[in-house]
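Participant:
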Amino acid sequence: MKLYLILFLIVVNVNSSLSENLDLLILHNNDMHGRFEETSARSGKCQPEDKKLQNCVGGIARVAHVIRQARKAAQEGKGPQVLYLNGGDTYTGTPWFSVHKWKIVVEFLNLLEPNAV
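FYI, the numbering for the sequence shown is -19 to -1, 1 to 98, going by mature numbering (1 follows the signal peptide of the UniProt record, and there is no 0).
Next comes the structure, spelled out in structure tokens:
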């Protein structure tokens, strides 16, 4: 992991010296604690009233949408290159993990395609 980070920094440094600007969008999350569904602002279940007021946050679907949208823009030349980092602590905390254990976390993280975990 450290080797990949060092190589990345070397490549960025070399590329930066060859061009004036390096546009890079860094997307990061961590400490999801098994909260794969959207939640209220206080980490409870997102209720219909919360949804109506747009007070729901997080969830794998929302995260995936933002990442895919940014990567698509980059591929089309309409946005900067994307580096998506997941800081870990994705396991435990909800029935999702209690029932499915690590398998569900692996499935969701694979869908997000992080550049580094």
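Don't be surprised by glycine CBs; every beta carbon is placed ideally from N, CA and C.
Please list the terminal residues of the continuous beta strand (DSSP E) segment that includes N11.
Facilitator: Here N11 belongs to no beta strand (DSSP E), and DSSP marks it neither H nor E.
Participant: Report the residue from N96, Y72, S79 and E88 whose alpha carbon sits nearest the alpha carbon of M13.
Facilitator: Taking only the C-alpha atoms, the option nearest M13 is Y72.
Participant: Can you give me the Cβ contacts of D4 inside the same chain, cut-off strictly under 6 Å, excluding the 5 residues immediately before and after it?
Facilitator: Excluding sequence neighbours, D4 sits near P61.
Participant: Quick check: the Cα distance between R23 and N11, rounded to an integer number of angstroms?
Facilitator: Straight-line Cα distance between these residues: approximately 17 Å.
Participant: What separation, rounded to the nearest whole angstrom, lies between the Cα atoms of F78 and E88?
Facilitator: Computed Cα separation, rounded: 12 Å.
Participant: Less than 8 Å between the CB atoms is what I'm expecting for N57 and G40, so what's the real figure, rounded?
Facilitator: Here the sequence assigns Glu to residue 57, which means Asn is not the residue at that position. Between G40 and E57 the Cβ distance is about 26 Å, and since that is not below 8 Å, they are no contact.
Participant: Give me the residue from A51, P76, H81 and V80 with the minimum Cα distance to E94.
Facilitator: Comparing Cα-Cα distances from E94 to each of A51, P76, H81 and V80, the minimum goes to A51.
Participant: Quick check: what's the CA-CA separation for K84 versus G15?
Facilitator: Distance between the alpha carbons of K84 and G15: 12 Å.
Participant: Going by beta-carbon coordinates alone, are L66 and A45 separated by less than 8 Å?
Facilitator: Not closer than 8 Å, so no.
Participant: Straight-line CA distance for R43 to R49?
Facilitator: Going from the Cα of R43 to the Cα of R49 covers about 10 Å.
Participant: Report the rounded CA-to-CA distance for L55 versus L64, giving the unit in angstroms.
Facilitator: For the record, residue 55 in the displayed sequence is Ala; it is not Leu. Those two C-alpha atoms are separated by around 11 Å.
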